[in-house]
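S.K.:
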Amino acid sequence: MNIKQASEASGVSSRNIRYYEQAGLICPARDPSNEYRIYTEELVRTLKLIRILRMLDMPVEEIRAVLQGSLPLARAAEKQAERLAQQARELETARKFCKELQQHQESAASLDTDACLRRMQETSVSHWCWDWVNDYRAICRAEHRRVFTFTPDTPVTTPAEFTDALFGYARAQGLNLVVTREGMYPHFTIDGIEYRAVRYYASVRGIPTARVRCVCCDPEFAEADVSSWRLRLMKGLHYAAPALFMLGIALLFLGPRGLLSEWWGIAILVSLTAAGISAAWYNAHFYYNDKDNQPHKK
Numbered sequence: 001m002n003i004k005q006a007s008e009a010s011g012v013s014s015r016n017i018r019y020y021e022q023a024g025l026i027c028p029a030r031d032p033s034n035e036y037r038i039y040t041e042e043l044v045r046t047l048k049l050i051r052i053l054r055m056l057d058m059p060v061e062e063i064r065a066v067l068q069g070s071l072p073l074a075r076a077a078e079k080q081a082e083r084l085a086q087q088a089r090e091l092e093t094a095r096k097f098c099k100e101l102q103q104h105q106e107s108a109a110s111l112d113t114d115a116c117l118r119r120m121q122e123t124s125v126s127h128w129c130w131d132w133v134n135d136y137r138a139i140c141r142a143e144h145r146r147v148f149t150f151t152p153d154t155p156v157t158t159p160a161e162f163t164d165a166l167f168g169y170a171r172a173q174g175l176n177l178v179v180t181r182e183g184m185y186p187h188f189t190i191d192g193i194e195y196r197a198v199r200y201y202a203s204v205r206g207i208p209t210a211r212v213r214c215v216c217c218d219p220e221f222a223e224a225d226v227s228s229w230r231l232r233l234m235k236g237l238h239y240a241a242p243a244l245f246m247l248g249i250a251l252l253f254l255g256p257r258g259l260l261s262e263w264w265g266i267a268i269l270v271s272l273t274a275a276g277i278s279a280a281w282y283n284a285h286f287y288y289n290d291k292d293n294q295p296h297k298k
């Protein structure tokens, strides 16, 4: 079918079809006899999908990633839902201000502009804090998609045992797991998302116990939609929480007593901080996002 027929079948205007082609969302074949574009039924279906996602106000860049398969549709929908929720909060705040202006029935000449600006700036600060909270939640969710750990039921000393351990974990969690590369560093997929696995040994009550750490191979899938500098900062805070907690306890205990002026007080502070850093590293490598007693979440 030609572009007019494709437009009628998909509900997308001819102008937008040409724009989507220029943006790399679609690539129609051409008739070798006249070089006219040929729009197939599959391409019309793609146009309908693009129309649905654009009606959700999803960015063209993310739609392109969905069509190319580098971004799962569920993840794209999650990211867009977060953006829409933020927009909804901002619009609700603006609606409340409009309602107040309407109820007070003040004229432009009598309106206390300084008071209004103060309130709006206070609200902006509140939104700024809420944005940080939402971004931290998004990063935590992304990190939980990126990496998880579990304890296999059997020893993992050979590639075959490693494969059995992965399938045992999948059965326990009710997952669709497919091993794509066997070995002591195997690769596998969960619902089409590829992971790589590494076996470690951790001490449990003095007994060496195998732990398996699985990391997503696709960095884009497991990355939060947060600015790069804020992403690095919040990741650091997320993983450094045990160390920061130990440091805070030490300061609360030593500071009010004036013990930080003594060498042994400083030694205690350094020791507790080192213990916190060690605990943070240990938990991140052996027990982060532990899946032994909880269902797997994508």
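Okay, so the sequence shown: first residue is 1 according to full-length UniProt numbering, each after it adds one. The beta carbon of each residue, even a glycine, is placed where N, CA and C say it ideally should be.
Roughly how many whole angstroms lie between the Cα atoms of S86 and P208?
M.R.: Position check: residue 86 holds Gln in this sequence, whereas Ser was assumed. So the alpha carbons of these two residues sit roughly 47 angstroms apart.
S.K.: Sort E194, V198, R45 by Cα distance to M184 and report the nearest one.
M.R.: V198
S.K.: Can you tell me whether E143 is buried or exposed, with buried defined as 16 or more other CB within 10 angstroms of its CB?
M.R.: buried
S.K.: Contact defined as beta carbons within less than 8 angstroms: I believe R141 pairs with V215. What is the distance between those atoms, to the nearest angstrom?
M.R.: About 16 angstroms separates the two Cβ atoms, so there is no contact after all.
S.K.: To the nearest angstrom, report how far apart residue 336 and R213 are at their CA atoms.
M.R.: The chain is shown from 1 up to 298; residue 336 falls before or after that span and cannot be answered.
S.K.: Could you check which residue in N16, R89, L166 has the C-alpha nearest to that of G174?
M.R.: L166
S.K.: So, using beta-carbon positions, are M246 and A275 closer together than 9 angstroms?
M.R.: yes
S.K.: Hey, is the stretch 28-47 in contact with the stretch 6-17, meaning 3+ C-beta pairs nearer than 8 angstroms?
M.R.: yes
S.K.: According to the neighbour-count rule (16 or more other Cβ atoms, all chains shown, within 10 Å of its Cβ), is S70 buried or exposed?
M.R.: exposed
S.K.: Within the same chain, show all residues whose beta-carbon is closer than 7 angstroms to that of I3, passing over the 5 residues directly before and after it, in chain order.
M.R.: Answer for I3: S14, I17, R37, Y39, listed in chain order.
S.K.: For D290, tell me which candidate among R211, A280, M234 has the shortest Cα-Cα distance.
M.R.: R211
S.K.: Short of 8 angstroms in beta carbon distance, which residues of its chain neighbour L279, apart from the five on each side in sequence? Order them along the chain.
M.R.: Sequence check: residue 279 is Ala here, not Leu. Taken in chain order, the residues that qualify are P242, A243, M246.
S.K.: Less than 9 angstroms separating the beta-carbons of E182 and A160?
M.R.: The criterion of a C-beta distance shorter than 9 angstroms is satisfied by E182 and A160.
S.K.: Need the endpoints of the alpha helix (DSSP H) that I266 sits in, please.
M.R.: 263-282
S.K.: My guess is that T149 and P186 are in contact by the Cβ rule of under 8 angstroms, so how many angstroms apart are they, rounded?
M.R.: At roughly 15 angstroms, the Cβ-Cβ gap does not stay under 8 angstroms, so T149 and P186 are not in contact.
S.K.: What does the alpha-carbon distance come out to for the pair V156 and T180?
M.R.: Cα to Cα, V156 sits roughly 18 angstroms from T180.
S.K.: Check this for me: beta carbons of I277 and A240, under 9 angstroms apart or not?
M.R.: yes
S.K.: Please classify R75 as buried or exposed, where buried requires at least 16 neighbouring CB atoms within 10 angstroms.
M.R.: buried
S.K.: In angstroms, rounded to a whole number, what distance separates the CA positions of R171 and A81?
M.R.: 31 angstroms
S.K.: Going by C-alpha distance, which of A109, Y136, V66, P72 is nearest residue 340?
M.R.: With the chain covering 1 to 298 only, the question about residue 340 has no answer from this structure.
S.K.: Secondary structure at D290, three-state DSSP: helix, strand or coil?
M.R.: strand
S.K.: Which value, in whole angstroms, describes the spacing of the CA atoms of V178 and C217?
M.R.: 14 angstroms
S.K.: Taking the continuous beta strand (DSSP E) assigned at A210, which residues delimit it?
M.R.: 207-216
S.K.: Roughly how many whole angstroms lie between the Cα atoms of Y20 and L272?
M.R.: Roughly 57 angstroms separates the two Cα atoms.
S.K.: Use the C-beta contact count for A6: other C-beta atoms within 10 angstroms, 16 or more gives buried, fewer gives exposed.
M.R.: buried
S.K.: Here's a check: name, in chain order, each residue in its chain whose Cβ is nearer than 6 angstroms to the Cβ of V60, leaving out the five neighbours to either side.
M.R.: For V60, the CB contacts under 6 angstroms within the same chain, skipping 5 residues up- and downstream, are A23 in chain order.
S.K.: What did DSSP end up calling V133 once you bin it into helix, strand or coil?
M.R.: Residue state for V133 is assigned as helix, using DSSP reduced to three classes.
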